[in-house]
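Peer 1: Quick one: structure below, then a few questions.
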Amino acid sequence: MKATALTDEDPVKLAEFEARIDRGEKIEPSDWMPQLYRKQLIRMIEQHAHSEIIGALPEGTWITRAPGFKRKLALMAKVQDEVGHAQLLYSAAETLGKSREDMIADLINGKSKYSNIFNYPAFTWADSCFISWLVDAGAIVNQIANSKGSYGPYCRALERICAEESFHLKYGHHCVIHLATGTKVQREMMQAAFNRWWAPMMHFFGPSDKISVHSEILMRWKVKMSSNDECRQQFLDMYVPKIWELGLTVPDDKLRKDPETGQWEFTEPDWEEFKRVINGDGPCNKERLAVRRVAEERGAWVRQALLAPKTKYVAPLA
Ligand code: BYC
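Under the working numbering, residues 2 to 319 are what the sequence shown spells out, in order.
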């Protein structure tokens, strides 16, 4: 799909569209919208959907090794929820004119991005606890803000996703508390997970506002309701005190809240590493896409059977 520049759009329609957004109205799939709005939404919702589906992988590998039946059940339900979120988001993106098949193809061939953080390995059970608590917490900060945005189908999907994520957050927090207040070995395992995941977590909210490419137009059109830096600050404000309360630390000596500005100060994240990871060169990118590729190939017969129920694939054997 070729997006026209804003100057190519009908100025009257563009002004009406922007006035609707300024009044806080929702834009629905059949409404007129600039090509760039459509293109940006497809990019962002599609990346979000891929993040949910790839995000199920690092935690998913811990289902069989979860400590105890209750944890196993809860984790299984959480992972299933994440895949369900991908379904909601693919449906929202489809309303804008890109087919699910094309989105999956672009994920598998490496054309579309997905969240940086899922390209890191979950070595231990504590890593999966970190994801359940804090990656979900970060996602909620971003998604609650954007659920008040301008595109109806995305907002409605986000509302439903946030409701489920709030259970994940409670589950993850409980898991982290358990380890942080457990034996010396458990506490060390949890701290090691924080040391590994903190840098990717800071990257998770996207590049700083100074270098963000899409924020300006997305905020003007109320697709993004908080900037990357605002989300990062909100996350630090809500969760750093909880982390410290548990006797855990994060690997950043500069992290502190300025009492005068109320803003958190921290070491500037390594944006070169971020760029490498989101462009395919992180520790697990190849493995993650290989797993999706195999799932796609192995699931082909299911899709074929659903689309053509009269073929021999679903004919009763007797
Ligand atoms: N990872 O101009 P910017 C979950 C890219 S899943 C990768 O600031 P934008 C969960 C960006 O795409 C929830 N790439 O971008 C699931 C752009 O590249 P392109 C995940 C990133 O869009 C399972 C370039 O950097 N949440 O929680 O204005 C288990 C410039 O950035 C990232 C979402 O997907 C990143 N972190 O803002 C557990 C939320 N950040 O496209 C948990 C939806 C930036 O020009 N997405 N890039 O090649 C968003 O809200 C926005 O897209 C972002 C970035 C805030 C992430």
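Using N, Cα and C, we set each Cβ at its ideal position, and we do this for glycine too. Given the structure is predicted, the values throughout are model-derived calculations rather than measurements.
So, at 7 angstroms on beta carbons, what are the nonlocal neighbours of D9 in its own chain, with the 5 sequence-adjacent residues on each side left out?
Peer 2: none
Peer 1: Using only the heavy atoms of the ligand BYC, determine whether one of them is closer than 8 angstroms to the beta carbon of C156.
Peer 2: no
Peer 1: Given the structure, does A57 come close to the ligand BYC, in the sense that its CB is under 8 angstroms from one of the ligand's heavy atoms?
Peer 2: yes
Peer 1: Can you name, in chain order, every residue of its own chain whose Cβ lies under 7 angstroms from the Cβ of T96, other than the five neighbours on each side?
Peer 2: Excluding sequence neighbours, T96 sits near P30 and P154.
Peer 1: Helix, strand or coil for W302? Go by DSSP, reduced to three states.
Peer 2: In the structure shown, W302 sits in a helix (DSSP, three-state: H, G or I).
Peer 1: I'd like to confirm the pairing. Which residues does DSSP put opposite K258 in its beta bridges?
Peer 2: W265
Peer 1: Please classify V251: is it buried, with 16 or more other beta-carbons within 10 angstroms of its beta-carbon, or exposed?
Peer 2: buried
Peer 1: Do you know how far the Cα of C285 is from the Cα of V292?
Peer 2: Looking at the two C-alpha atoms, the distance is approximately 11 angstroms.
Peer 1: I'd like to confirm the pairing. Which residues does DSSP put opposite Y240 in its beta bridges?
Peer 2: In DSSP, Y240 forms no bridge with anything.
Peer 1: Grouping DSSP H, G and I as helix and E and B as strand, with all else coil, what is M28?
Peer 2: Met is not the amino acid found at residue 28; the sequence shown has Ile there. Reduced to three states, the DSSP call for I28 is strand.
Peer 1: Buried or exposed, going by whether 16 or more other CB atoms sit within 10 Å of the CB of I212?
Peer 2: exposed
Peer 1: Quick one: does the C-beta of K376 sit closer than 8 angstroms to a heavy atom of the ligand BYC?
Peer 2: Absent from the model: residue 376. The displayed extent of the chain is 2 to 319, so no value can be given.
Peer 1: Please give me, in chain order, every unbroken run of the alpha helix (DSSP H) with length at least 4 that falls completely inside the region 136-206.
Peer 2: 137-147, 153-181 and 185-205
Peer 1: Can you find the residues in the same chain that come closer than 8 angstroms, C-beta to C-beta, to T268, ignoring five residues on each side of it along the sequence?
Peer 2: D253, D254, K255 and L256
Peer 1: Using 9 angstroms as the threshold, is the C-beta distance between A123 and A87 below it?
Peer 2: no
Peer 1: Taking the CB atoms as reference points, tell me whether W126 and A67 lie closer together than 9 angstroms.
Peer 2: yes
Peer 1: I need the DSSP call for Y121, collapsed to helix, strand or coil.
Peer 2: Y121: coil per DSSP, three-state reduction.
Peer 1: Under 6 angstroms Cβ to Cβ from W198, same chain only, skipping five residues before and after it: list those, please.
Peer 2: F131
Peer 1: Specify, as a first and last residue, the run of the alpha helix (DSSP H) that G61 falls within.
Peer 2: Q36 to G61
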